[in-house]
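In what follows, a single structure is set out as structure tokens and then discussed.
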Amino acid sequence: MAPLTQAQQLTRWVTRKGGRIRVLAVTSGKGGVGKTNVTVNLADRLARMGYRILVLDGDMGLGNVDVMVGLSTTRTLADVFAGHCTLEEIIHEGPGGIQIIPGGSGIVSLTQLGEEGQLTLLSQIGALTQPPDYLILDTAAGIGDNVRFLAGCAQEILVVATPDPTSITDAYALMKVMSAHHGERRFRLLVNLAKNADEGLEVYRRLSLAADRFLGVAVDYAGFVPVDHAISRAVRSQTGISNAPASAAADAFTRLARTVDSWRPVTELKGGMQFFFNQVADAQTAALSAGG
Ligand SMILES: Nc1ncnc2c1ncn2[C@@H]1O[C@H](COP(=O)(O)OP(=O)(O)OP(=O)(O)O)[C@@H](O)[C@H]1O
Ligand SMILES: [Mg+2]
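This is the structure:
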């Protein structure tokens with residue numbers, strides 16, 4: 055019998071978990087477009103909606119999710135890969151109750167996990183005793199191995215782009231690689247640093263038309279986040295935007311969280327990554343037989 059595809063495994067896992075867990079990758083072609091900001095603020099909003107949120111800093115060599123929320127972390131993914139501790143042991147409690155798995159900082163070996171590292175990561179996620187409702191993967195920019203691996207693990211790939219033409223072409227290039235080499239057929243687009251709603255829609259229109267015509271993939275609009283100095287202030291003070299609740303960006307993140315929450319769990323099929331889901335399924339089976 056042919057091995058199960060990633061989505062079959064994922065579907066199985068989602069079903070076993072009561073259809074609750076969702077894996078979302080926040081990614082981009084070009085760097086510095088606001089992925090980490092989007093990740094922490096989306097996590098904050100979803101947590102406020104009552105969900106249990108786990109953020110994995112997938113920018114593993116140059117992780118900064120912890121810095122952005124003012125968390126001082128002692129152990130990171132680097133310690134997990136070195137075999138010093140488990141993934142569960144490095145989960146830090148962040149603001150608003152979000153849970154954070156910090157990436158390493160300045161660790162070259164983490165920038166390319168390799169198959170062994172990928173399997174370690176997946177098996178350790180699969181072994182978590184308390185799976186979250188949402189697992190949000192903040193990736194590095196570009197089309198490197200880690201980015202493609204993490205995006206391939208996710209049910210939803212949220213591509214962040216800005217109106218900058220270089221960001222738009224890089225977002226297109228990322229979708230091209232993920233569709234050509236990883237079989238991805240659908241992406242969500244968030245336009246950050248838009249002047250207004252019209253500019254956000256225009257970026258979406260250009261990208262989705264090109265993606266549809268030349269790649270044959272669907273891009274759904276996840277909305278826009280305006281340029282807002284409240285964000286730069288929040289980043290500098292390491293507080294997260296939630297401390298500036300009246301800002302335009304804060305409203306945008308609230309809208310984004312509602313949009314993300316309206317997406318139905320994936321049911322279509324994708325390829326690869328069985329190990330992760332086998333681990334989860336095994337843990338679930340063990341828990342069920344222990345708990346009766
Ligand atoms: N909507 C916005 N308005 C104003 N400033 C913003 C906005 N979004 C992001 N920024 C600024 O852009 C900077 C880069 O954001 P961030 O670190 O989230 O990008 P990134 O895509 O994660 O970068 P990298 O590719 O290096 O991981 C932030 O420090 C923040 O000051
Ligand atoms: Mg980042």
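The working numbering numbers the first residue of the sequence shown as 55 and each following residue consecutively. Just so it is clear, CB atoms sit at the ideal spot from N, CA and C, and this is done for glycine as well. Being a predicted model, the structure only gives us computed values, none of them experimental.
**Request:** Work out the CA separation of N91 and A248 for me, nearest whole Å.
**Result:** 15 Å
**Asked** Is the number of C-beta pairs between the segment 196-216 and the segment 227-239 that are closer than 8 Å three or more?
**Response** yes
**Request:** Would you please state the rounded distance, in angstroms, between the beta carbons of D111 and I144? I believe it to be under 8 Å.
**Result:** Incorrect: roughly 10 Å between the Cβ atoms, too far for contact.
**Request:** With DSSP collapsed to three states, give me the class of P217.
**Result:** coil
**Prompt:** Thinking just about the alpha-carbon of each residue, which of F268, R309, F278 and V123 is nearest to the one in V257?
**Reply:** F278
**Item:** Spatial distance of L243 from R260 (CA atoms)
**Value:** 11 Å
**Request:** Could you tell me if the beta carbon of T90 falls within a distance shorter than 7 Å of some heavy atom in ligand 2?
**Result:** yes
**Item:** Through-space distance from Q178 to P280, alpha-carbon basis
**Value:** 37 Å
**Prompt:** Tell me which same chain residues have a C-beta within less than 6 Å of the C-beta of G254, skipping the five on either side of it?
**Reply:** V245, A248 and F278
**With 16 other Cβ atoms within 10 Å as the buried cut-off, status of F268** = exposed
**Message:** At the level of alpha carbons, what is the spacing between T347 and T165?
**Reply:** Nothing can be reported for residue 347: it is not among the residues displayed for the chain, which extend from 55 to 346.
**Item:** I211 - DSSP class collapsed to helix/strand/coil
**Value:** strand
**Request:** Go ahead and pull the three-state DSSP assignment for K324.
**Result:** Residue placement at K324 is poorly supported in this model, since its pLDDT is 47, which falls under 50; the coordinates still yield a value, given next. K324 falls in the coil class under three-state DSSP.
**Asked** Straight-line CA distance for I197 to D224?
**Response** 9 Å
**Message:** Taking the alpha-carbon of L263 as reference, which of H138, I222 and V289 has the nearest alpha-carbon?
**Reply:** I222
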